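Below is one structure, written out as structure tokens; the observations come after it.
2 protein chains.
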Amino acid sequence: MAVSKNGIGRQSMADRVKHELLGRIMDGRMAPGARIVELQIAEEMQTSQGPVREALRELEAMDLIVTEPYKGTRVREVTPKEIEDAYDVRAALELLAAQLAAKHFKGNVEDLRKAAHAVLTAAKRKDARAYGTYDVRFHRMIVEAANNRALLRSWEALAYELRIATRLGKGHVDLMAAQDVHWHLIDELEKGNGKAAGRMLAENVVTAFHQHS
Amino acid sequence: MAVSKNGIGRQSMADRVKHELLGRIMDGRMAPGARIVELQIAEEMQTSQGPVREALRELEAMDLIVTEPYKGTRVREVTPKEIEDAYDVRAALELLAAQLAAKHFKGNVEDLRKAAHAVLTAAKRKDARAYGTYDVRFHRMIVEAANNRALLRSWEALAYELRIATRLGKGHVDLMAAQDVHWHLIDELEKGNGKAAGRMLAENVVTAFHQHS
DNA sequence: TTGCTGCTTTTTGTATGCAAATTCCGACAT
DNA sequence: ATGTCGGAATTTGCATACAAAAAGCAGCAA
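So the sequences go chain by chain: R and P. Using my numbering, you'd call the opening residue of the first sequence number 465 and step up by one each time. Using my numbering, you'd call the opening residue of the second sequence number 465 and step up by one each time.
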């Protein structure tokens, strides 16, 4: 299912521009502060100004870029405090997520164990990039299992700050530190103990932050 | 300060369209499911299609409207479960907000008391509309005092669902029910007791939901 | 050197025109 | 009556053209 969300591979130009820019911003090819000029992007993507402007408006609503009238648009810069703020919110959201997801996972944690295993092997290999990918996937599984649309939306809205954080914290983080918590967390979820699972997950998030700070 | 956020009263056409549509959606003049056609809005607002499309893209990113390619855009419909979901997230966010805001309010709750008083008098008058306005303002004060950008953003993203909820729950709600909690909450904040304040605020939110459900 | 002045260039904001896709609706056959 | 087939009308998607604002720059004066 590599095409799009609307079934057929036909997606609007504005969407393609949006995803392209989103990719560049997320993986750092466009760093915070980088200028974005509409006609330049339009030419690169073989399109015109209109679709680019639509894409920019969307990215602006996602708080990834900032626009000043008649001055231009830039990739948003994020301060260390904003990163810490985002981690606090993430912890609060995942605290709720684990509580809500407990019902879903009770006696049904096979997939979750597999995901945690992927994180573990990446940690053993000291592969920080893979670790990041699989760890996010692990957390996302729990948030999705909570089956709460608003929760998932809020959680996803924090993605940019978290990406910046992991990019900045290149300094040797202890990838094994979170492992025990993961497995105990899964045990609690398997027992349907949402409260305890929530506390563990929130704790896991704040320690992850301290590693990157 | 009725003009705009960028200082001078000169704002782009796309922004004007966005705020106009936002107003219509929020106050129910455009009900969930209502169709929005680009050229029609453009004519109403004395502008062209481009700015309208930009505004729509922004509202789409805010999850207020849904667009299907070549089919059109409509005001998003929200299910009762989505409303409940939003209240759960709101409770989780305000639980955090109160904890973070405790430091700010410690020994400095005058403004908060005034806001709570406005809610109280509206409740005594049985003026449900004023009650809604002032109650939101009261909660917003706490979220803003938390001084956490991501938190405020997430909280504001729930506004649509909450508006729908209060519009649906026209049935005689007990406006006095939350009063005691408000004042006790303020007392705890004044003492700097964030944990207790958070629990009270979250509890306050879920009871508010049950009134509207 | 410093600071102003006016022009040129760059970039954003908006309008118009047209292509692409969908929906609507009536004619016609069964 | 029902269905379905084929244009016409509507609506979205995109490209081009141009206006408006800001930024940069050269030249000149103090």
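Glycine included, every Cβ here is placed at the ideal spot set by N, Cα and C. Small disclaimer: the values here were computed from a predicted structure and weren't measured.
Check your understanding: Looking only at its own chain, which residues have a Cβ that is under 8 Å from the Cβ of methionine 494 of chain P, when we skip the five neighbours before and after it?
Key -> Leu485, Arg488, Ile500, Val539
Check your understanding: Which whole-angstrom value describes the C-beta separation of alanine 672 of chain R and isoleucine 606 of chain R, a residue pair presumed to lie in contact below a C-beta threshold of 8 Å?
Key -> Not really, about 14 Å apart at Cβ, beyond 8 Å.
Review point. Just the Cα atoms here: how many angstroms apart are arginine 631 of chain R and leucine 520 of chain P?
Key: 33 Å
Practice item. Starting from the C-beta of asparagine 470 of chain P, find all residues in its chain whose C-beta is less than 8 Å away, skip the five residues before and the five after it, and write them out in chain order. Key: Note on asparagine 470 of chain P: pLDDT 38, under 50, position unreliable in the model; the coordinate value appears next. Once the five neighbours on either side are set aside, asparagine 470 of chain P has no close Cβ partner at all.
**Study point:** Alpha carbon of alanine 579 of chain R to alpha carbon of histidine 646 of chain P, nearest angstrom
**Key:** 43 Å
Check your understanding: Roughly how many angstroms separate the alpha carbons of tyrosine 745 of chain P and leucine 576 of chain P, rounded to a whole number?
Key -> What is shown of chain P runs 465 to 677, which leaves residue 745 of chain P out entirely.
Check your understanding: Is there a Cβ from chain R that is less than 8 Å from the Cβ of glycine 514 of chain P?
Key -> yes
Review point. Using a Cβ-Cβ distance under 8 Å, would arginine 517 of chain R count as near chain P?
Key: yes
Practice item. Check each candidate in R:Tyr595, R:Val481, R:Ala609 and name the one with the smallest Cα separation from valine 573 of chain R. Key: R:Ala609
Practice item. Give the DSSP-derived three-state secondary structure of arginine 627 of chain P in the structure shown. Key: helix
Review point. Tryptophan 619 of chain P and arginine 663 of chain P: beta carbons closer than 8 Å?
Key: no
Review point. What does glutamate 532 of chain R pair with, by DSSP beta-bridge criteria?
Key: R:Gly536
Exercise for review: Starting from the beta carbon of asparagine 612 of chain P, find every residue of chain R whose beta carbon is closer than 8 Å, and list them in chain order.
Suggested key: Asp549, Asp552, Val553
Review point. Going by other Cβ atoms of all chains shown within 10 Å of its Cβ, with 16 needed for buried, is isoleucine 472 of chain P buried or exposed?
Key: With a pLDDT of only 44 at isoleucine 472 of chain P, under 50, the local geometry of the prediction cannot be trusted, and the value read off the model is given with reservation. So isoleucine 472 of chain P counts as exposed.
Exercise for review: Please name the residue in P:Val583, P:Gly656, P:Glu507 whose C-alpha comes closest to that of glutamine 643 of chain P.
Suggested key: P:Val583
Review point. Looking at the structure shown, is arginine 493 of chain P part of a helix, part of a strand, or coil, going by DSSP?
Key: coil
Review point. Is it true that the CB of glutamate 654 of chain R sits closer than 8 Å to the CB of alanine 660 of chain R?
Key: no
**Study point:** Span separating the alpha-carbon of glutamine 675 of chain P from that of glycine 633 of chain P
**Key:** 8 Å
Check your understanding: So what's serine 468 of chain P in DSSP terms, helix, strand or just coil?
Key -> In this prediction, serine 468 of chain P scores a pLDDT of 33, lower than 50, which makes its location untrustworthy; the coordinate-derived value is nonetheless stated afterwards. Serine 468 of chain P: coil per DSSP, three-state reduction.
Check your understanding: Sorted by chain position, which residues of the same chain lie with C-beta nearer than 7 Å to glycine 492 of chain R's C-beta, five sequence neighbours on each side aside?
Key -> Arg631
Check your understanding: What is the rounded straight-line gap between the Cα of glycine 658 of chain P and the Cα of histidine 603 of chain R?
Key -> 27 Å
Check your understanding: If the cut is a Cβ gap below 7 Å, which residues of chain P does serine 618 of chain R touch?
Key -> Val553, Ser618, Ala621
**Study point:** Anticipated Cβ contact below 8 Å, alanine 641 of chain R with isoleucine 547 of chain R, distance rounded
**Key:** About 19 Å; that fails the 8 Å criterion.
Check your understanding: Would you report the Cα separation of leucine 611 of chain P and tyrosine 534 of chain P, rounded to the nearest angstrom?
Key -> Reading off the sequence shown, one finds asparagine at residue 611 of chain P, where the question assumed leucine. Rounded to the nearest angstrom, the two C-alpha atoms are 42 Å apart.
Review point. Looking at chain R, which residues of the stretch 619-653 of chain P have a Cβ within less than 8 Å of any of its Cβ atoms?
Key: Ala621, Leu622, Glu625
Review point. If we cut at 8 Å on Cβ distances, does lysine 469 of chain P have a partner in chain R?
Key: Its pLDDT being 37, under 50, lysine 469 of chain P is placed unreliably in this model, and the value from its coordinates should be taken loosely. It does not: the Cβ of lysine 469 of chain P has no partner Cβ on chain R nearer than 8 Å.
Review point. Given serine 512 of chain P, which residues of its chain have a CB within under 6 Å of its CB, disregarding the five upstream and five downstream residues?
Key: Ala506
Review point. Between tyrosine 598 of chain P and alanine 586 of chain P, is the Cβ-Cβ spacing less than 8 Å?
Key: yes
Check your understanding: Do you know offhand how far glutamine 475 of chain P's Cα is from proline 515 of chain P's?
Key -> 12 Å
Review point. Once you ignore the five residues that flank aspartate 703 of chain P on each side, which residues in its own chain have a CB closer than 8 Å to its CB?
Key: For residue 703 of chain P there is no data in the structure shown, the boundaries of chain P being 465 and 677.
Exercise for review: Indicate whether leucine 559 of chain P and alanine 621 of chain R have their beta-carbon atoms separated by less than 8 Å.
Suggested key: no
Practice item. Output yes if chain R places a C-beta closer than 8 Å to the C-beta of leucine 528 of chain P; else output no. Key: no
Check your understanding: Smallest Cα separation from proline 496 of chain P: which of P:Arg593, P:Val542, P:Met509, P:Gly596?
Key -> P:Val542
Exercise for review: Name the two residues that bound the continuous alpha helix (DSSP H) containing serine 677 of chain P.
Suggested key: That residue, serine 677 of chain P, is in no alpha helix (DSSP H); it is neither H nor E in DSSP.
Practice item. Give the straight-line distance between the Cα atoms of lysine 570 of chain P and histidine 581 of chain P, rounded to the nearest whole angstrom. Key: 19 Å
Check your understanding: For the stretch 562-595 of chain P, which residues have a CB atom closer than 8 Å to at least one CB atom of chain R, in sequence order?
Key -> Leu564
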